[in-house]
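J.: One structure follows; several queries about it will come next.
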Amino acid sequence: MEEQLRKSDTLHVIGELAAGIAHEIRNPMTALKGFIQLLEDSVKEDHTMYFNVITTELSRIDSIINEFLILAKPQAVKFVEKDISQIMKETVDLLSAQAVLHNVQFRTYYEKNLPNVFCESNQMKKVFINIIKNAIEVMPKGGYITVSIQKGFDHKVHISIRDEGTGIPAHKIKKLGEPFYTTKERGTGLGLMVTYKIIEEHKGTIEVESKLGEGTVFHIHLPYSLKAGMK
Ligand code: ADP
Ligand code: MG
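The numbering of the sequence shown is my numbering, which starts it at -1 and goes up by one.
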């Protein structure tokens, strides 16, 4: 419990700081992108390879900045009562093309008449995107992602996202959500940090269950309403 508290305090400070820096980096980045474009158009020799590297790396910086900006308190956070399965359906649609490319198929089970969750739709979508993207990325040979959403008897909605990927060694599970923890060559190690932070802001909890070589399940528990969660 204490461990968890300390982790979230640190996340808070890192979040504020990082978001501030991210804001500052954004403007010079825009200028850089613009001038590189101009340069590419005016340079006579063929330096396509150099420009490709520059563009790829710039877009990598972009995606890191975007992750960090999510940690900033957004100007207008709009928490509304929302059917979480609707948000999940939109996310699955959004990622279906990427899934097909990886031979990944979705199986979805949504309980009918789910109670609404008091949430920020865009942030919740971000959570689902981050977890599902990871799931797709750990199944290079394809497989199923099983999503289920159910109402619990504990005033919580239970969401689970299961993959048939590599799995995570038990001692690494506590590293998930740490900034920059990644095992991927081109990973940022920021997706789960953002995910954990958003769930925490919704007074929810997240658990990871994993078996090496078999797959991983992310369980998310969200109170029906923020008020109920704070009692
Ligand atoms: P990134 O995807 O950029 O590496 P994340 O924060 O999204 O950053 O994930 C951090 C790490 O957690 C990943 O690099 C991977 O090692 C591990 N991980 C996350 N989701 C899964 C999963 N579904 N199966 C196996 N490992 C996972
Ligand atoms: Mg990721």
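Quick reminder that beta carbons are idealized off the backbone N, C-alpha and C, glycines included. Please read all numbers here as calculations on a predicted model, not as lab measurements.
(1) With a threshold of 8 Å between beta carbons, is LYS131 in contact with chain C?
(2) Kindly indicate the opening and closing residues of the beta strand (DSSP E) around TYR107.
(3) What residues does the ligand MG have around it, judged by CB closer than 5 Å to any heavy atom, in chain order?
(4) Please report how far the alpha carbon of ASN101 lies from the alpha carbon of LYS170, in whole angstroms.
(5) Within the same chain, show all residues whose beta-carbon is closer than 8 Å to that of ILE127, passing over the 5 residues directly before and after it, in chain order.
(6) For GLY213 and GLY175, which I take to be in contact (beta-carbon distance under 8 Å), what is that distance rounded to the nearest angstrom?
(7) In chain order, what residues of the same chain lie with their CB nearer than 8 Å to the CB of LYS173, ignoring the 5 residues before and after it?
(8) How about GLU109 and ILE147: do their beta carbons lie closer than 8 Å?
(9) Please report how far the alpha carbon of LEU190 lies from the alpha carbon of LYS42, in whole angstroms.
(10) Measure how close the beta-carbons of ILE62 and LYS123 come, nearest whole angstrom, since I'm counting them as under 8 Å.
(11) Check the C-beta distance from VAL145 over to ILE134 and give it rounded, since I have them as a contact under 8 Å.
(12) For LYS76, which residues in the same chain have their Cβ closer than 7 Å to its Cβ, ignoring the five residues on either side in sequence?
(13) Keeping to the same chain, check which residues put their C-beta closer than 8 Å to that of ASN25; ignore five residues upstream and five downstream.
(14) Looking at C-alpha atoms only, which residue of THR53, VAL155, HIS219 and GLY202 is the closest neighbour of THR28?
(15) For the beta strand (DSSP E) holding LEU231, just list the boundary residues, first then last.
(16) Quick check: does the Cβ of LEU210 come within less than 7 Å of any heavy atom belonging to the ligand ADP?
(17) Can you tell me which of LYS182, PRO177 and GLY185 puts its alpha carbon nearest to the alpha carbon of VAL192?
(18) Going by the DSSP bridge assignment, what does GLU207 pair with across the sheet?
T.: A quick look at the data gives this:
(1) Of the chains in the structure shown, none is chain C; there is only one protein chain.
(2) Your numbering for residue 107 matches position 109 in the sequence shown. Start and end: 102 to 108.
(3) ASN132 and GLY189
(4) Walking along the sequence shown from the start, residue 101 turns up at place 103. Walking along the sequence shown from the start, residue 170 turns up at place 172. If I take the Cα positions, the gap works out to 27 Å.
(5) In the sequence shown, residue 127 corresponds to position 129, counting from 1. Taken in chain order, the residues that qualify are THR89, LEU92 and LEU93.
(6) Counting from one through the sequence shown, the residue named residue 213 turns up at place 215. Counting from one through the sequence shown, the residue named residue 175 turns up at place 177. In fact, because the Cβ distance is near 19 Å, the residues do not count as touching under 8 Å.
(7) As a first step, residue 173 must be located in the sequence shown, where it is residue number 175. Result list for LYS173: TYR179, in chain order.
(8) One-based indexing of the sequence shown puts residue 109 at position 111. One-based indexing of the sequence shown puts residue 147 at position 149. Yes, Cβ-Cβ distance for GLU109 and ILE147 is below 8 Å.
(9) Taking the first residue of the sequence shown as position 1, residue 190 is located at position 192. Taking the first residue of the sequence shown as position 1, residue 42 is located at position 44. So the alpha carbons of these two residues sit roughly 44 Å apart.
(10) Taking the first residue of the sequence shown as position 1, residue 62 is located at position 64. Taking the first residue of the sequence shown as position 1, residue 123 is located at position 125. Going by Cβ atoms, the distance from ILE62 to LYS123 rounds to 20 Å, so no, they are not a contact pair.
(11) Looking up residue 145 in the sequence shown gives position 147. Looking up residue 134 in the sequence shown gives position 136. Rounded, the Cβ-Cβ distance is 12 Å, inconsistent with contact.
(12) As a position in the sequence shown, residue 76 is number 78, starting the count at 1. For LYS76, same chain residues with a beta-carbon under 7 Å away, outside a window of 5 residues either side, are GLU118 in chain order.
(13) Your numbering for residue 25 matches position 27 in the sequence shown. Apart from sequence neighbours up to five positions away, no residue of its chain approaches ASN25 with a beta-carbon distance below 8 Å.
(14) As a first step, residue 28 is located in the sequence shown; it is residue number 30 there, counting from the start. Closest by C-alpha distance to THR28, out of THR53, VAL155, HIS219 and GLY202, is THR53.
(15) Because the chain in this structure spans residues -1 to 229, residue 231 falls outside the shown range and cannot be described.
(16) Counting from 1 along the sequence shown, the entry for residue 210 is found at position 212. The answer is no for LEU210.
(17) As a working note, residue 192 is residue 194 in the sequence shown. Of the candidates LYS182, PRO177 and GLY185, the one whose C-alpha sits nearest the C-alpha of VAL192 is PRO177.
(18) Looking up residue 207 in the sequence shown gives position 209. Answer by DSSP bridge pairing, in chain order: VAL215.
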